[in-house]
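Q: Below: one structure in structure tokens.
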Amino acid sequence: MLSLLIPGECFTAAEAHWTDKMDNIRDLKYQAIPPDSPYVTPHRMTFIQNGKLKYWDFLQVHDIVVVIIYNTTRKKLILVRQFRPAVYHGQLKSANVDFNDIDFEKYPPSMGITIELCAGLIDKKGLSKKEIAREEILEECGYDVSLDQIEEIFEFNSNVQSSSGKQTLFYCEVTDEQKVSEGGGIQNEIIDVVELSIEEVSEKMGLGTCHNTPASSMLGILWFLSFKAPQLCN
């Protein structure tokens, strides 16, 4: 049985196709964020509230699309597996590890591997959110779908404390006939496709073992289990 507890360490032989490149991490270093970073911009906002001067530090980030993908041919949810540096950092911080002297044997990079829904940055001018979602479905998971197959669910703030980003959740049903590639991302991305039945996902959500699964994916999966799975299981 597949476990989401510690991604990268608890998978069955059925997942043997996953790449060994995923946790092949070395020369890990920490640096200050450059002022021209295309991904995040730190800000300090000052304001007077009820007569008192206040300030708040946060990161300006890109908005994101998140897609729940369900393969109706095989009756499987389609997710992705990838290394997330911020997640690995969080694991190291929780263990009080010296960031300049990491014991990779004791704290392997697999601790930073997540299982999550297909997602991507809204950073392409001229494309709608739905068009970007379509591209991500193709690039990450290998399915070529039409725009009318993609249903927008809702938009939400992903982090109201430390970032300004919004996320938009979509739902898309696919078939084996629409599978045109293995997916895996583009350029330097290393992404594996994960397929889980409704029963597997429901069991793992109930056990609370999705430790490395981001909140947006948890929200999307719970929405799917509440509003789509009952119809699909009939």
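Residue numbers (our numbering): 1 to 234. Even glycine gets a Cβ: it sits at the ideal position worked out from N, Cα and C. Computed from a predicted structure; not experimentally measured.
(1) Helix, strand or coil for C141 per DSSP?
(2) Let me confirm a value: N212 is counted as buried when at least 16 other C-beta atoms fall within 10 Å, else exposed. Which label applies?
(3) Give the range of the alpha helix (DSSP H) segment to which I122 is assigned.
(4) Identify, in the order they occur along the chain, each residue of the same chain with its Cβ nearer than 6 Å to the Cβ of L77, setting aside the five sequence neighbours on each side.
(5) Grab the span of the alpha helix (DSSP H) containing R81 for me, first residue to last.
(6) Between L147 and E116, is the Cβ-Cβ spacing less than 8 Å?
(7) When you compare only the Cα positions, how much space is there between E177 and Q149?
(8) So for K54, helix, strand or coil by DSSP?
(9) Only counting runs of 4 or more residues, tell me where the alpha helix (DSSP H) segments fall wholly within the region 148 to 181, in order along the chain.
(10) Between which two residues does the beta strand (DSSP E) holding I198 run?
(11) How long is the line joining the alpha carbons of M45 and G51, rounded to whole angstroms?
(12) Which residue or residues does DSSP assign as beta-bridge partners of I64?
(13) Could you please give the first and the last residue of the uninterrupted beta strand (DSSP E) stretch that includes L45?
(14) Looking only at its chain, what residues have a beta carbon closer than 7 Å to the beta carbon of P109, apart from the 5 residues adjacent to it on each side?
(15) Determine the contact status of E136 and V67, defining contact as a CB-CB distance below 8 Å.
(16) Which term fits K93, buried or exposed, when burial requires 16 or more other beta carbons within 10 angstroms of its beta carbon?
(17) Is V180 buried or exposed, if buried means 16 or more other CB atoms sit within 10 Å of its CB?
(18) Counting C-beta neighbours from all protein chains within 10 Å, is the total for E140 16 or more, i.e. buried, or is it exposed?
(19) Is Y30 helix, strand or coil when you go by DSSP?
(20) Output the boundary residues of the beta strand (DSSP E) element that contains E105.
(21) Does the region 161 to 173 come close enough to the region 58 to 66 to have 3 or more Cβ pairs within less than 8 Å?
(22) Along the beta strand (DSSP E) that carries I191, what are the first and last residues, could you check?
A: To lay it out plainly:
(1) Shown here, C141 sits in a helix according to DSSP, grouped into three states.
(2) Counting every other CB atom within 10 Å of its CB across the protein chains shown gives N212 a total of 16 or more, marking it as buried.
(3) No alpha helix (DSSP H) contains I122, which DSSP labels as neither H nor E.
(4) Setting aside the 5 residues that flank it on each side, L77 is surrounded in the same chain by Y70, L196 and V201, each with a C-beta closer than 6 Å to its C-beta; the list follows chain order.
(5) First-last for R81: K76 to F83, but that is the beta strand (DSSP E), not the alpha helix (DSSP H).
(6) No.
(7) Rounded to the nearest angstrom, the two C-alpha atoms are 14 Å apart.
(8) K54 falls in the strand class under three-state DSSP.
(9) Residue ranges of uninterrupted alpha helix (DSSP H) with 4 or more members are absent from the region 148 to 181; none lies entirely inside it.
(10) It is not in any beta strand (DSSP E) - I198 instead sits in the alpha helix (DSSP H) that spans I198 to L207.
(11) C-alpha separation (whole angstroms): 16 Å.
(12) DSSP, once it has assigned bridges, lists L121 and Q167 as partnering I64.
(13) Contrary to the premise, residue 45 reads as Met rather than Leu in this sequence. Its beta strand (DSSP E) spans residues V40 to Q49.
(14) Leaving aside the five residues that flank P109 on each side, the residues in its chain whose CB is nearer than 7 Å to its CB run, in chain order, D23, I25, F83 and Y88.
(15) Yes, the Cβ-Cβ distance between E136 and V67 is below 8 Å.
(16) Counting every other CB atom within 10 Å of its CB across the protein chains shown gives K93 a total below 16, marking it as exposed.
(17) So V180 ends up on the exposed side.
(18) Residue burial annotation: E140 is buried, with at least 16 other C-beta atoms found within 10 angstroms of its C-beta.
(19) Look at Y30 here: in three-state DSSP terms it is coil, with no helix or strand label.
(20) Segment: none, E105 is in no beta strand (DSSP E) and carries neither H nor E.
(21) Proximity of the region 161 to 173 to the region 58 to 66 meets the contact definition, three or more beta-carbon pairs being nearer than 8 Å.
(22) Counting along the chain, I191 sits inside no beta strand (DSSP E), nor does DSSP assign it H or E at all.
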